[in-house]
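Heads up: the structure comes next, in structure tokens.
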Ligand code: VG1
Ligand code: CO
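Residue numbers (the numbering used here): 41 to 580.
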């Protein structure tokens with residue numbers, strides 16, 4: 041029996057860079073999660089009889105929201121729900137499952153790299169039939185619906201046992217609980233040379249994978265330790281915890297400090313990697329050598345043909361605007377097109393669907409390809425392993441070789457977190473107003489060559505997304521970019537992206553190489569003046 045539950049709208053349910061992300065206590069308000077899920081269902085056309093995938097990263101609220109979403113799916117006429125066992129599905133595994141099962145879409149419950157637990161963050165993302173994040177026109181329709189919603193639908197049914205594989209009925213809708221890892225692991229075996237990696241492991245190649253007590257633990261245990269035969273203990277923090285052990289499951293040099301230190305130690309293994317809350321990000325560190333995500337994208341693209349999944353070459357390479365231009369140089373040498381999109385994976389979907397790009401990446405530790413429609417942490421790890429095994433080089437040697445060939449893009453991102461929202465808005469407004477005056481202006485020894493507010497014209501559907509971040513180009517090829525985060529849950533986060541290209545100097549120290557640019561960025565945007573902050577909270 042379908043039950044209609046009256047409700048009133050919330051005015052803060054606009055999806056951000058990657059879904060709706062809020063504090064758990066916000067999600068715990070009456071009808072809050074239900075309003076959003078019903079708004080999603082209200083904009084999904086042709087849902088009658090269709091398959092819906094549901095899973096999440098295992099954080100606090102995951103199971104409870106899954107149970108409610110299943111009952112709501114039954115009431116809304118979906119034909120079948122497919123859920124990962126234990127409520128677990130990494131974001132890339134969910135993307136794959138949507139595609140493999142021909143589902144109409146999926147709900148991915150995650151606040152990604154944000155911390156979890158009763159006092160931390162939760163999130164809901166909706167992915168469409170291609171497996172990718174809902175594009176802007178869909179998220180806008182969902183948001184519009186959240187502002188007028190007056191009822192949500194459910195059926196009266198008991199919770200399903202999320203841990204028992206098999207099919208049960210809710211209302212008269214089948215709910216299938218599936219192994220969250222198997223299909224994904226099999227897909228990885230089709231893309232990469234597992235035999236070559238296993239030979240390297242036999243020959244003594246060693247790695248650490250830090251799953252950060254988040255969703256990739258079960259995937260990494262299966263793929264790295266079982267299928268690739270890395271020794272037990274290779275995967276650290278491999279059990280998903282509701283609060284990620286109290287840490288930020290954010291694979292960067294701040295939150296994955298232990299991994300970084302292990303990789304810089306004299307007895308470091310060959311390779312170190314980590315992934316985030318929902319398994320779509322990656323951190324790559326070789327013995328004594330950290331690889332920036334922008335460089336990782338470029339290096340993977342330059343060597344992807346060594347993996348069987350990409351032996352036919354790349355169709356194109358896409359990167360988000362704030363990501364360094366290192367990948368553009370690779371595209372040029374491969375004779376393929378380079379695309380520059382706004383921040384957020386949803387902008388890659390059309391390029392991948394249309395066969396214009398094969399590999400995509402973001403400076404925020406996201407890399408992926410056309411195998412799914414999300415960024416994919418373990419995919420990046422496996423592509424690195426495949427390349428290292430085939431070339432039989434260290435990460436450091438591969439990086440030096442790459443820089444010697446293409447030059448080096450020194451790169452850093454400075455995050456100012458928990459900034460007063462009004463102050464952050466004022467900073468961006470002033471910066472935008474000053475754009476016409478910037479060209480020719482001098483900041484220390486640096487002269488501005490050009491400045492704009494990035495607008496993206498989607499080459500496939502012609503849609504335009506503007507105000508995607510302020511770019512300030514410096515004469516000589518350096519660049520600084522300013523934008524506000526769309527994933528934070530308290531105050532505003534200002535992101536300042538810094539990049540300097542050097543054709544010859546490949547042994548510089550990043551901090552020293554970027555010092556002048558950092559000083560210029562502060563003067564250009566008045567960071568200290570607006571925020572009162574003299575230093576960033578996180579440097580990645
Ligand atoms: C951040 C990153 C962006 C990424 C997004 C979602 O967004 O900068 O590159 O796509 O997070 O990643 P923002 O708006 O806070 O800068 V995930 O792994 O959190 O889903
Ligand atoms: Co993520």
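Note that CB positions come from ideal geometry on N, CA and C, so glycine has one too.
Start-to-end residues for the beta strand (DSSP E) that takes in residue 385: Element bounds for residue 385: n/a, residue is neither H nor E.
The segment 551-558 contacting the segment 469-487, beta-carbon criterion three pairs below 8 Å: yes
Option in 521, 230, 48 with minimal Cα separation from residue 411: 230
Residue 268 to residue 237 span [Cα, whole Å]: 7 Å
Member of 400, 489, 385, 445 whose CA lies at the smallest distance from the CA of residue 58: 385
Validate contact between the segment 407-421 and the segment 334-353 using beta carbons, cut 8 Å, 3 pairs: yes
Any non-hydrogen atom of ligand 2 within 8 Å of residue 317 CB: yes
Every unbroken beta strand (DSSP E) inside the segment 207-293 [3 residues or more]: 213-218, 247-250
Beta-carbon gap between residue 361 and residue 494 smaller than 9 Å: yes
Residue range of the alpha helix (DSSP H) that includes residue 551: 550-565
Supposed close pair residue 133, residue 195 - CB separation, criterion 8 Å: 27 Å between Cβ atoms; not a contact.
Buried or exposed (CB count within 10 angstroms, at least 16 for buried), residue 530: exposed
Rounded separation between residue 301 and residue 170 - CA only: 39 Å
Residue 320 beta carbon near ligand 2 (any heavy atom closer than 8 Å): Residue 320 Cβ: within cutoff of ligand 2.
Residue 295: CB within 8 Å of a non-hydrogen atom of ligand 2: no
Cβ separation of residue 334 and residue 403, assumed to be a contact under 8 Å, to the nearest whole Å: Rounded, the Cβ-Cβ distance is 5 Å, consistent with contact.
Cβ separation of residue 373 and residue 451, assumed to be a contact under 8 Å, to the nearest whole Å: That belief does not hold up - the Cβ atoms of residue 373 and residue 451 are roughly 19 Å apart, past 8 Å.
Within 9 Å, strictly: CB atoms of residue 523 and residue 468: In this structure, residue 468 lies closer than 9 Å to residue 523 by Cβ.
Boundaries (first-last residue) of the beta strand (DSSP E) holding residue 148: For residue 148, the enclosing beta strand (DSSP E) has its first and last residue at 145-149.
Heavy atom of ligand 4 within 8 Å of residue 535 beta-carbon: With respect to ligand 4, the structure offers nothing, as its ligand set consists of ligand 1 and ligand 2.
Through-space distance from residue 75 to residue 371, alpha-carbon basis: 44 Å
Exposure of residue 146, with buried meaning 16 or more beta-carbon neighbours within 10 Å: buried
Identified DSSP bridge partners for residue 454: 536, 579
Buried versus exposed, by CB contacts within 10 Å (16 or more), residue 399: Residue environment for residue 399: buried (at least 16 other C-beta atoms within 10 angstroms of its C-beta).
Presumed contact (8 Å Cβ cut-off) between residue 459 and residue 534, rounded CB distance: Going by Cβ atoms, the distance from residue 459 to residue 534 rounds to 6 Å, so yes, they are a contact pair.
Exposed unless 16 or more other CB atoms sit within 10 angstroms - verdict on residue 187: exposed
Contact test: residue 520 Cβ vs ligand 2 heavy atom, cutoff 8 Å: No.
Distance, residue 164 Cα to residue 280 Cα: C-alpha separation (whole angstroms): 18 Å.
Best match in 180, 444, 313, 128 for proximity to residue 246 [C-alpha to C-alpha]: 313
Expected contact under 8 Å - CB spacing of residue 397 and residue 356 to nearest Å: Taking 8 Å as the upper bound for CB-CB distance, residue 397 and residue 356 are in contact here, some 4 Å apart.
Outcome for residue 179 when other beta-carbon atoms lying within 10 angstroms are tallied against a minimum of 16: buried
Where residue 320 falls, given that 16 or more other Cβ within 10 Å makes a residue buried: buried
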